[in-house]
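Just so you know, the working numbering puts the end of the sequence shown at 437, numbered straight through with nothing missing.
All C-beta atoms, glycine included, are put in the ideal place defined by N, C-alpha and C.
As the structure is a computational prediction, the values presented were derived from the model and not from experiment.
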Amino acid sequence: MYWRTTIETPLPPEEAMARVRALIRPRMPSAKRAAFQGEVGENTFRLKRAPSSHSVNPILHGRIETGPNGGALVHVEARIRYLLLIVVGICGCAFYVSDSRTPRYDIILAALAILLVAFGVEVSIGLRTLRKALAA
């Protein structure tokens, strides 16, 4: 599962990358809620919100390039951790196998719905923080 978006900013690509770099905080329990942990390359980044106390926290992969008006285009892709999907799948299979006469599709669907809603909320918080930092 992933979520893709492009953020257009009037900032030059170098300034946009500097602002992304400024969002990264060291791993500390006292770090602000909206800070990120991650890595920043020359024109790419990989971030996750910090502190990440749960596994639904998405990883934001991004690439910054020059936009049509001299500003920057920031392409962001948020991915869910594959391990989490595997765990939900195994739990779903366990519920299915536990009582072969009446499989519990409702439990499987409820777990997937909770996962999708939590993922969507976390992605929107991360993207909102990123958009705010990239505002001119």
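According to DSSP, residue pairing for residue 360 in a beta bridge involves 349 and 380.
With the rule of 3 Cβ pairs closer than 8 Å, the stretch 408-418 does not count as touching the stretch 337-348. Here residue 424 is buried: its Cβ has 16 or more other Cβ atoms, across all protein chains shown, within 10 Å. Membership of residue 432 in the alpha helix (DSSP H) is indicated by the continuous run 406-435.
DSSP, read as helix, strand or coil, puts residue 312 in coil. When the Cα atoms are used, residue 319 and residue 427 turn out to be separated by approximately 17 Å. Apart from sequence neighbours up to five positions away, the residues of its chain that approach residue 324 with a beta-carbon distance below 6 Å are 337 and 434, ordered along the chain. Here DSSP, grouped into helix, strand and coil, assigns residue 339 to strand.
For residue 376, the CB contacts under 6 Å within the same chain, skipping 5 residues up- and downstream, are 307 and 364 in chain order. In terms of Cβ geometry, residue 359 and residue 379 form a close pair [threshold 8 Å].
In this structure residue 351 is buried. Its beta-carbon is surrounded by 16 or more other beta-carbon atoms within 10 angstroms. Note that the C-beta distance between residue 326 and residue 341 is not below 8 Å. It is roughly 15 Å from the alpha-carbon of residue 313 to the alpha-carbon of residue 432. Here the C-alpha atom of residue 382 lies approximately 7 Å from the C-alpha atom of residue 357.
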